[in-house]
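Protein chains: 4
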Amino acid sequence: VPKAVSDHRALLDDPAIDAIVICSSTDTHARFVEDAAAAGKHIFCEKPIDQDLATIDRALGAVREAGVKLQVGFNRRFDTNFARVRQAVASGEIGEPHLLHIISRDPAPPPLAYIKVSGGIFLDMTIHDFDMAQFLIGDEVDEIHTAAGVMVDPAIGEAGDLDTALITLRFANGVLGVIDNSRRAVYGYDQRAEVLGSKGAVSTANNFPNSAVISGPDAVRRDLPLNFFIERYTESFIAEMNAFIDAVASGGPVPVTGEDARVPVVMAIAARKSHDEHRPVRLCEVA
Amino acid sequence: VPKAVSDHRALLDDPAIDAIVICSSTDTHARFVEDAAAAGKHIFCEKPIDQDLATIDRALGAVREAGVKLQVGFNRRFDTNFARVRQAVASGEIGEPHLLHIISRDPAPPPLAYIKVSGGIFLDMTIHDFDMAQFLIGDEVDEIHTAAGVMVDPAIGEAGDLDTALITLRFANGVLGVIDNSRRAVYGYDQRAEVLGSKGAVSTANNFPNSAVISGPDAVRRDLPLNFFIERYTESFIAEMNAFIDAVASGGPVPVTGEDARVPVVMAIAARKSHDEHRPVRLCEVA
Amino acid sequence: VPKAVSDHRALLDDPAIDAIVICSSTDTHARFVEDAAAAGKHIFCEKPIDQDLATIDRALGAVREAGVKLQVGFNRRFDTNFARVRQAVASGEIGEPHLLHIISRDPAPPPLAYIKVSGGIFLDMTIHDFDMAQFLIGDEVDEIHTAAGVMVDPAIGEAGDLDTALITLRFANGVLGVIDNSRRAVYGYDQRAEVLGSKGAVSTANNFPNSAVISGPDAVRRDLPLNFFIERYTESFIAEMNAFIDAVASGGPVPVTGEDARVPVVMAIAARKSHDEHRPVRLCEVA
Amino acid sequence: VPKAVSDHRALLDDPAIDAIVICSSTDTHARFVEDAAAAGKHIFCEKPIDQDLATIDRALGAVREAGVKLQVGFNRRFDTNFARVRQAVASGEIGEPHLLHIISRDPAPPPLAYIKVSGGIFLDMTIHDFDMAQFLIGDEVDEIHTAAGVMVDPAIGEAGDLDTALITLRFANGVLGVIDNSRRAVYGYDQRAEVLGSKGAVSTANNFPNSAVISGPDAVRRDLPLNFFIERYTESFIAEMNAFIDAVASGGPVPVTGEDARVPVVMAIAARKSHDEHRPVRLCEVA
Chain A
1 VPKAVSDHRA LLDDPAIDAI VICSSTDTHA RFVEDAAAAG KHIFCEKPID QDLATIDRAL
61 GAVREAGVKL QVGFNRRFDT NFARVRQAVA SGEIGEPHLL HIISRDPAPP PLAYIKVSGG
121 IFLDMTIHDF DMAQFLIGDE VDEIHTAAGV MVDPAIGEAG DLDTALITLR FANGVLGVID
181 NSRRAVYGYD QRAEVLGSKG AVSTANNFPN SAVISGPDAV RRDLPLNFFI ERYTESFIAE
241 MNAFIDAVAS GGPVPVTGED ARVPVVMAIA ARKSHDEHRP VRLCEVA
Chain B
1001 VPKAVSDHRA LLDDPAIDAI VICSSTDTHA RFVEDAAAAG KHIFCEKPID QDLATIDRAL
1061 GAVREAGVKL QVGFNRRFDT NFARVRQAVA SGEIGEPHLL HIISRDPAPP PLAYIKVSGG
1121 IFLDMTIHDF DMAQFLIGDE VDEIHTAAGV MVDPAIGEAG DLDTALITLR FANGVLGVID
1181 NSRRAVYGYD QRAEVLGSKG AVSTANNFPN SAVISGPDAV RRDLPLNFFI ERYTESFIAE
1241 MNAFIDAVAS GGPVPVTGED ARVPVVMAIA ARKSHDEHRP VRLCEVA
Chain C
2001 VPKAVSDHRA LLDDPAIDAI VICSSTDTHA RFVEDAAAAG KHIFCEKPID QDLATIDRAL
2061 GAVREAGVKL QVGFNRRFDT NFARVRQAVA SGEIGEPHLL HIISRDPAPP PLAYIKVSGG
2121 IFLDMTIHDF DMAQFLIGDE VDEIHTAAGV MVDPAIGEAG DLDTALITLR FANGVLGVID
2181 NSRRAVYGYD QRAEVLGSKG AVSTANNFPN SAVISGPDAV RRDLPLNFFI ERYTESFIAE
2241 MNAFIDAVAS GGPVPVTGED ARVPVVMAIA ARKSHDEHRP VRLCEVA
Chain D
3001 VPKAVSDHRA LLDDPAIDAI VICSSTDTHA RFVEDAAAAG KHIFCEKPID QDLATIDRAL
3061 GAVREAGVKL QVGFNRRFDT NFARVRQAVA SGEIGEPHLL HIISRDPAPP PLAYIKVSGG
3121 IFLDMTIHDF DMAQFLIGDE VDEIHTAAGV MVDPAIGEAG DLDTALITLR FANGVLGVID
3181 NSRRAVYGYD QRAEVLGSKG AVSTANNFPN SAVISGPDAV RRDLPLNFFI ERYTESFIAE
3241 MNAFIDAVAS GGPVPVTGED ARVPVVMAIA ARKSHDEHRP VRLCEVA
């Protein structure tokens, strides 16, 4: 049912509408979630619900009270590469997990104006990797240590943010992980994961626009990987939306709940605190 | 405009319809092309137009006379891997082409009943590779030599067909090529190409459902390549149809004409003749 | 025992010497083999024994009569990549073999002066691939079809030779194979093999000086493969000599006999005849 | 000059000997270095010189006083993969380095008896990676944070050691690095490095016994990587010894000095201290 309205309440009042999708700017998410919940609509909301835990908790309370479904847009869980890593861990194919690596680098930093309102690299960029870490290992992170700096653009540092980081995670089950973030990989979007387990390891590579290899007089080369999230994650965006529609239609659970989506925000806050205080920080200190 | 009719003439009589898509069984293609041309409709027709050259020529004559567009479904030209090989040749990136390899293996043979009406492996399966060969090199094949046998299933031989072949091509410009066909690659659909040129080489690999590599105690392994044409060529089917729609909408030329599509049929006939007569056969002998 | 003499007979007369290694120019091989056999020495001789079958047969007769061991230098059988392909075929790992590909390209053509006395591309270059083909499949070739041309350098054609070829092989057991030869691959020495069997396929890649992959703003690239046979086959040269020494020391059979080494010469003659007469040629026509 | 003696002093007294190679057990290294220096011999000593900084410093003092050359056996610098990474950094090929990853996993833990005298994972195993980190980046590490645990074998923990670790490094120039260590990768020796720089990235893969890929009905697979250091680093052991011989013969500097070799010991001590005190530790705290 295609419908355009100037006020979102018009949508919420329409009894023909079962569910709504929120992909507005982050500062409006929580309010829209609350309004939609009050109207009894199921909700798909882009991540994060908010940068503030109290605001998130109020929105999640409204969702619980209304008994509607809320799915948050951590689309990467639906990517075939990351899903295959999760399968290798969950099925026991590689035994008990020991070590996790997530490489997550953007091709170029966003505009400074955006960086200033983004909540910082951990809330804006690493948040996906925090979700991925827990998804891949299937356990909660207990402690975070951040080593970070400004290497890409001094203006990012002047804006109070960081652009390069190695974030060490200690999971409750003892697994150790590291997230590698950079705001600029000149060769394009770099999105990989690797898990070492007691019975083997699984690792993924980047996705490329084609498989052609050119052997010339100077080098053997191939075209750059897919440049950014629109190209790289196209199929996962479709898959996550299909999963939401299935959950609404079938009455089953959504694959990424509001509670799932709250944790990466806690992790982002802990990561920044670790950087500021120059020490490992436990999630229970900030949650 | 979705519309279902029991007789295709009802579609042809509908003035609201500009173009039709023919993907019925091969023996109906030529007749439908002629009817559609007579009705002034633009036509997208699955390959081949027919197994018989005279029938093809009558259909192409009808298309020419009616002044409508005809695009034939050689979808692989729209695959990003093969398109990249073509680009490397056409742009001069690898210099003048010298040698061409096409590997084209099905995961399993079709049912015997189908094989008996398929026109044989060269008209049914290799026809795509014949088109690809000319597309990649950008020149016409002059001579064909076939070395073939029955290795996959004796019943295919009893039905008068072959299931395994190496077909050598000599192009008018001197380039040499080989097509490798098998009706059964147990690891899945194998679709690769390689060109050696004076300034370099280009080669493509198969497409996989994910990039995950699993290192276990016995081997380093990955999941099998995409199993068959539906999965492997999904995007190319969409791209070829978009190209047809663009051509109809813009009035521009179609990317694969009826004349383009006639040549692979000639090549298939020559390939079988080479096998039967145990000698190289020039296309001018059968065209 | 290091020893330098001006006349090879001085070596042959030395009773302290058990075996000799012949790596002089090809036209001297057969004579040295005969002399060494007459002196009762075991012999390692670089390939080929001669370009002429009658001369080879006379040398082989002398070896048989003297009861000495003769190993011929088809070193590539000792390369770990090709040995792994052979193992996959011989062990049944890929089932019954159906199709074979050998890619064998030099980085650059030899000097014209050498080409003029080389016996032609099939005796000089393809001879290694002819041996490899039989080694990998473990069966004899019955028929050869050559499609060849001059694409690298017209002067090679003027010297009566060819520089680019696709040679189709039909084995006695029905297997079909193709050898791809070029005198110039600008990216370096290209030495690969692939076998499709009823239960799988095996393929090898080129060897590189390191495994480093560089991702830059324009491409993902790696250094060129090892440039030529000295670097590429170092370990195989050592391994074949060790195998010869073992055979002499243990009294066991040599891994590549004079009879093994005769066949590729027959194949080279058939390949040229196929080119000259523009038809498939059976080995029994020339053997 | 092959020579076997029961007392090393007999070697040191021999005026025909210019240089000696120490590859005895670690607890004898420092004493032998001092004796050899006193005898005026050039010295190649396996790493580490000792586990104790004061003992190392006394040995280095003896070397300086005697004016002899001392090269320490950090052989991995001579490996072609790691050397290529260093070249990419040193030449500016990837711009200014930002992030470093070293993956270094053994195929299986050593015997417990060895672990008990090894000095712990950081002095025994990570010491190579500490050296590699400084070699690749070309700068000194300023601070270390260790996240480690016992996941492979509880007996290792009972012996007071660790078997799995992620060690974060902050270099003086701001570069951030992480070393991934495990005492057991069931697929074999895992030795990789990766550097992200401002103009690109470089990464290496493991070395394999052959390049063969087997495509079967269940997976596409290859043989396991080279299993352990003898196979994996054969060429680097030869290259480092040649470099030492060259330095002695030419009178030039050795490529890995005693001072170079002291730093990884400091790093190992800091890494353990970080684990014990659960905080980042600066090298200046322990040096």
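Chains A, B, C and D, in that order, give the protein sequences. Per the working numbering, residue 1 is the first one in the first sequence, and the count goes up by one each step. Per the working numbering, residue 1001 is the first one in the second sequence, and the count goes up by one each step. Per the working numbering, residue 2001 is the first one in the third sequence, and the count goes up by one each step. Per the working numbering, residue 3001 is the first one in the fourth sequence, and the count goes up by one each step. Note that beta-carbon positions come from the ideal geometry of N, C-alpha and C, so glycine has one too.
The continuous alpha helix (DSSP H) containing Leu2136/C extends over residues 2127–2137. With contacts defined by Cβ atoms closer than 7 Å, Phe1122/B and Ala1268/B form a contacting pair. Closest by C-alpha distance to Val1254/B, out of His1029/B, Asp1131/B, Leu1070/B, Ala1287/B, is Leu1070/B.
Taking every protein chain shown into account, the CB of Glu3143/D has 16 or more other CB atoms within 10 angstroms, so this residue is buried. Taking the beta carbon of Ile214/A as reference, the chain B residues within 8 Å of it are Ala1088, Glu1093, Ile1094, Gly1200, Ala1201, Val1202, listed in sequence order. Among the CB atoms of chain C, none fall inside 7 Å of the CB of Arg3221/D.
Between Pro1217/B and Val3213/D, the beta carbon gap of about 19 Å keeps them out of contact (Cβ cut-off 8 Å). Within the same chain, Cβ atoms closer than 6 Å to the Cβ of Gln1051/B are found at Gly1119, Leu1123, the five residues on either side in sequence being excluded. Under the three-state reduction of DSSP output, Thr3204/D falls in the coil class, being neither helix nor strand. When rounded, the separation of the alpha-carbon atoms in Asn2227/C and Ile2156/C is 22 Å.
In summary, Leu1100/B is buried, with 16 or more beta-carbon neighbours lying within 10 Å of its beta-carbon over all protein chains present.
According to the DSSP assignment, Ile230/A belongs to the alpha helix (DSSP H) that extends over 229–232.
Pairing Asp2027/C with Gln2087/C, the inter-Cα distance amounts to about 35 Å.
Here the alpha carbon of Arg1221/B sits roughly 6 Å from the alpha carbon of Ser1215/B. The DSSP-derived three-state label of Leu3224/D is coil. Within 10 angstroms of the beta-carbon of Gly188/A lie 16 or more other beta-carbons, which makes it buried. Taking 7 Å as the CB threshold, Met3125/D stays off the interface with chain A.
Leu166/A and Phe3171/D have their C-alpha atoms roughly 13 Å apart. In this structure, the alpha-carbon of Arg1058/B lies about 59 Å from that of Glu194/A. With contact defined as three or more Cβ pairs closer than 8 Å, the stretch 3234–3245 of chain D and the stretch 2222–2241 of chain C are not in contact. The beta-carbon distance between Thr2168/C and His1145/B, rounded to whole angstroms, is 7 Å. This is short enough to meet the 8 Å contact definition. Scanning Asp2180/C, Asp2139/C, Glu2140/C for the CA closest to the CA of Gly2149/C turns up Asp2180/C. Counting along the chain, the unbroken beta strand (DSSP E) around Gly3149/D starts and ends at 3141–3149. Going by C-alpha positions, Gly174/A is about 21 Å away from Ile127/A. Within chain A, the residues His98, Leu99, Leu196 have their CB atoms less than 9 Å from the CB of Ser3182/D, given in chain order.
Using a Cβ-Cβ cut-off of 7 Å, Ala3205/D is close to Ser2211 of chain C, given in chain order.
With contacts defined as CB atoms closer than 7 Å, Asp3131/D and Phe3074/D qualify as a contacting pair. At least one CB of chain D lies nearer than 7 Å to the CB of Tyr1187/B. For Pro2109/C, the nearest beta carbon of chain A is not closer than 7 Å to its own beta carbon.
Less than 7 Å separates the beta-carbon of Glu1096/B from that of Ser1198/B. Contacts between Pro280/A and chain C, judged by CB atoms closer than 9 Å, are missing: the closest CB pair is about 32 Å apart. With a 10 Å radius around the Cβ and a threshold of 16 neighbouring Cβ atoms, Pro3280/D comes out buried.
For the stretch 149–180 of chain A, the set of positions with a beta-carbon nearer than 7 Å to some beta-carbon of chain D reads Gly149, Met151, Thr164, Leu166, Thr168, Arg170, Gly174, Leu176, Val178, Asp180 in chain order. Here Pro2109/C is buried, its C-beta having at least 16 other C-beta atoms within 10 Å. Annotated three-state conformation of His2098/C is strand, per DSSP. The Cβ-Cβ distance between Ala2030/C and Val2063/C does not fall below 7 Å.
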